[in-house]
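J.: Sending over a structure as structure tokens; questions will come in a sec.
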């Protein structure tokens, strides 16, 4: 029985098992979970883990996409294919609908990321969801480093960082009052590199824009912005064709590309290993709005 | 700047090969330089990105410093920046080719036993700091007592600010000697001391030429090499069942074509192995009922396994169709825990509200939860103990935030709780408030390293005695 020569689990084995354990606990202890799914690499890894967690049964909850209306078409197509591949059912909360009927107004700076909060909270209320899986990782950002795996939200969807429940051993506590819900972060302990290592090991498909491709871009505030209907070149800006890829696939209005020739998973892993900018710092204009930008959005009920 | 990928070795299996994972927790008093040490570990392992560095340099300049303040790497919430304090446990990640580290960075205020308990609950190693000028202080004793209670396997003492005592071997030796005595008296088995200057970088990642008298490892070298084999399969099998897998005959998703085919009458038990190991053919006992069965197969979507060990999430199939449901524990037949309704335990009280005798709470253990009543509070551990002594229990009628107490709980239904000293995962439980769901306490079943040292608290070590299953 006591075989001291047994090797401990590898890092990826340990992370995978931990995430599967978390996802199963949620399905077993909460009444109506839903998984946020944008088609981005973190959310597809999370969906893959959900499929593995319940195999040979199907995933026992649906997935929800908050569509800003400014998503990359490649990513939307991938989203639909992935949902079908993993046998999940997709619900879409559309920011465009809210803008069209006046419930939300376009911001002067054109970014729609902060506008996602209201449709998200409405979808949670309408679906009577008491648990919402998100693909957030603690290595992404300073405020996230303090978030629990099971993170309570009050009836306004707000996070209260100073009043979090202690989280001990692997005993997750999702009990809550009516109207509250729990955000669940199964990838809390993964880093960007872990996610890519796992994508390679598990041969998980991700949207093509994560790999290097040629695109018309302009250099704005030190970031490479693709020329799209949402982000046209401004007067005086020089449009160039460059080999780029995306490290995150958020809203087109606030997601920048990085110069890259990495067109295989292994190339991306090498590049991420060498990278000198954090994922969010490199490519998310919305986090630059203020020093405490992410913390503010999280408090308001953002992902 | 290059960070290590998990599987650099060309022939390593992409999932099972590659480096391992080690969980750390920091502890120390305010001003011991903990943030600087963590910043130094992140910085010197290239785990800090340039934009974070830019931010730190800007803020350092604004504060009138002539070089980057490494402590700012772990700078968190706005309220903390404004008040210059740390509020909550923060998690940091760094890696070398040998290991990935998850570091629970715990604030050092005296009253924050709560954070140290939280961070220590999952830790394989505690990184404990002292200021070389001050040596072992009350806070060190308090933190080491918590590490001992929570049975953290390894403790490394970082004797920081060694530059401020002129890299003196005598100072280091005196601190290390004090610490070794303390560790022995508290029952902490594996310790090591390292002379460090986190600000200057001595012996954190790079070996210092200014401490030629020290021939042990650096902090990172220690963390890379500390023994983790017994962490993997410390003891007997404990497998709390998360859910019963009974796929209805829906059309499988295209994804499932990658996984093995299963029969229509498939029935398996999904869970994570909390300790020990299991193979097909092993006999197990299903707790709390006590029925026996043989493991027929260990299934995963990647194929069946001949062996599964602690930490792995799997689906176990049994040879007979016995009644097994969520909350049950599959255990090795060799010394399984007795299901009990009368539970004596140490609890670390983590809530603002008070605990008094007669309180009704929920006990969450493994994958099960049951109602309980606090029958008695037998004492609170006095962590403010003097050098050369050990913590002792003082009589009390209530527990408040950051208290560590001995309680007797009467459970509504029997639970197969292990003694925490032998099984960290299945000797642990939490207390939950039934009204609002708040997590009230961390519970450690059975005796503590300190119970034998006290004469004034009766009945403190009766865990797993003859009371099994009897209603109270």
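Protein chains in written order, with our numbering: chain A, 1 to 303; chain B, 304 to 775. From the three backbone atoms N, C-alpha and C, an ideal C-beta is built for every residue, glycine too. Computed from a predicted model, the values in this text were never measured in an experiment.
Is it buried or exposed, residue 753 of chain B, if we count other Cβ atoms within 10 angstroms and call 16 or more buried?
T.: Residue 753 of chain B sits buried, since 16 or more C-beta atoms from the chains shown fall within 10 Å of its C-beta.
J.: For chain B, check one thing: does any of its Cβ atoms lie closer than 7 angstroms to the Cβ of residue 288 of chain A?
T.: Legend: pLDDT at residue 288 of chain A = 47, less than 50; position of this residue unreliable, value from coordinates given subsequently. Chain B, which has no Cβ nearer than 7 angstroms to the Cβ of residue 288 of chain A, makes this no.
J.: In chain B, which residues lie with their C-beta within 9 angstroms of the C-beta of residue 9 of chain A?
T.: 319, 323, 324, 535, 612, 613, 614, 615
J.: Under three-state DSSP, which class holds residue 497 of chain B?
T.: strand
J.: Taking its Cβ as the centre, do 16 or more other Cβ atoms sit within 10 Å of residue 761 of chain B, making it buried, or is it exposed?
T.: In this prediction, residue 761 of chain B has a pLDDT of 40, which is less than 50 and means its spatial position is unreliable; what the coordinates show is noted afterwards. By the neighbour-count rule (16 or more Cβ atoms within 10 Å), residue 761 of chain B is not buried but exposed.
J.: Could you tell me the distance, in whole angstroms, from the CA atom of residue 455 of chain B to the CA atom of residue 39 of chain A?
T.: Taking C-alpha positions only, residue 455 of chain B is separated from residue 39 of chain A by approximately 40 angstroms.
J.: For a minimum of 3 consecutive residues, which ranges assigned as the beta strand (DSSP E) are wholly contained in the segment 120 to 182 of chain A?
T.: 131 to 133, 150 to 153
J.: Residue 569 of chain B versus chain A: which residues are under 7 angstroms apart at the beta carbon?
T.: 56
J.: Output yes if chain A places a C-beta closer than 7 angstroms to the C-beta of residue 731 of chain B; else output no.
T.: Closer than 7 angstroms: yes.
J.: Which of helix, strand or coil does DSSP assign to residue 15 of chain A?
T.: helix
J.: At a CB-CB cut-off below 7 angstroms, which residues of chain B make contact with residue 86 of chain A?
T.: 556, 558
J.: For the candidate residues A/78, A/67, A/222, A/30, whose alpha-carbon lies nearest to that of residue 61 of chain A?
T.: A/30
J.: Find the residues of chain A that neighbour residue 740 of chain B, judging by a C-beta separation of less than 9 angstroms, and give them in chain order.
T.: 152, 165, 173, 174, 175, 176, 177, 180
J.: Out of B/639, B/650, B/707, state which residue places its alpha-carbon closest to the alpha-carbon of residue 720 of chain B.
T.: The option with the nearest alpha carbon to residue 720 of chain B is B/639.
J.: Determine the chain A residues that contact residue 546 of chain B at a beta-carbon separation under 8 angstroms, and present them in chain order.
T.: 24, 27, 28
J.: For the 8 angstroms Cβ check, are there 3 or more pairs between the segment 523 to 532 of chain B and the segment 566 to 573 of chain B?
T.: no
J.: Apply the 10 Å Cβ neighbour rule to residue 738 of chain B and answer buried if 16 or more other Cβ atoms are within range, or exposed otherwise.
T.: exposed
J.: With a threshold of 16 other CB atoms inside 10 Å of the CB of residue 609 of chain B, please say whether the residue is buried or exposed.
T.: Exposed, by the Cβ-count rule.
J.: Measure the C-alpha to C-alpha separation of residue 142 of chain A and residue 643 of chain B and round it to an integer number of angstroms.
T.: So the alpha carbons of these two residues sit roughly 43 angstroms apart.
J.: Do residue 437 of chain B and residue 324 of chain B have their beta-carbon atoms positioned less than 7 angstroms apart in this structure?
T.: no
J.: Give a yes or no on whether 7 angstroms exceeds the smallest Cβ distance from residue 279 of chain B to chain A.
T.: This structure does not reach residue 279 of chain B, given that chain B is present from 304 up to 775, and the question cannot be answered.
J.: Flag this pair as touching only if the segment 667 to 683 of chain B and the segment 619 to 627 of chain B have three or more C-beta atom pairs under 8 angstroms; answer yes or no.
T.: no
J.: Strictly below 9 angstroms CB to CB, what residues from chain B border residue 21 of chain A?
T.: 545, 574, 575, 616
J.: What does residue 17 of chain A reach in chain B if we use C-beta pairs closer than 8 angstroms?
T.: 575, 614, 615, 616
J.: Do residue 191 of chain A and residue 139 of chain A have their C-beta atoms closer together than 7 angstroms?
T.: A contact, by the Cβ cut-off of 7 angstroms.
J.: Considering only residues of the segment 208 to 241 of chain A, which uninterrupted beta strand (DSSP E) runs meet the minimum length of 3 residues and lie entirely inside it, listed in chain order?
T.: 213 to 220, 223 to 226
J.: Is any beta-carbon of chain A found at less than 7 angstroms from that of residue 680 of chain B?
T.: Not an interface residue.
J.: Which chain A residues are close to residue 403 of chain B, counting only those with a beta carbon under 7 angstroms from its beta carbon?
T.: Here the neighbours are 11.
J.: Per DSSP, residue 672 of chain B forms a beta bridge with which residues?
T.: Residue 672 of chain B is bridged to B/667.
J.: Sorted by chain position, which residues of the same chain lie with C-beta nearer than 8 angstroms to residue 65 of chain A's C-beta, five sequence neighbours on each side aside?
T.: If we look at residue 65 of chain A and ignore the five residues flanking it on each side, its Cβ neighbours are 36, 37, 38, 39, 79, 90, 91, 92, 93.
J.: Once the 5 residues before and after residue 14 of chain A are set aside, which same chain residues still bring their CB inside 6 angstroms of it?
T.: none
J.: Tell me which same chain residues have a C-beta within less than 6 angstroms of the C-beta of residue 212 of chain A, skipping the five on either side of it?
T.: 243, 245, 260, 261, 262, 263
J.: Sort out for me which residues DSSP pairs residue 575 of chain B with in a bridge.
T.: B/616
J.: Applying the criterion that 16 or more other CB atoms from any shown protein chain within 10 Å of the CB defines a buried residue, is residue 163 of chain A buried or exposed?
T.: exposed
J.: Find the residues of chain B that neighbour residue 262 of chain A, judging by a C-beta separation of less than 9 angstroms, and give them in chain order.
T.: Result: empty, since nearest Cβ-Cβ is about 13 angstroms, beyond 9 angstroms.
J.: Given a limit of 7 angstroms on CB to CB distance, which residues of the segment 192 to 222 of chain A reach chain B?
T.: 193, 194, 197, 200, 201
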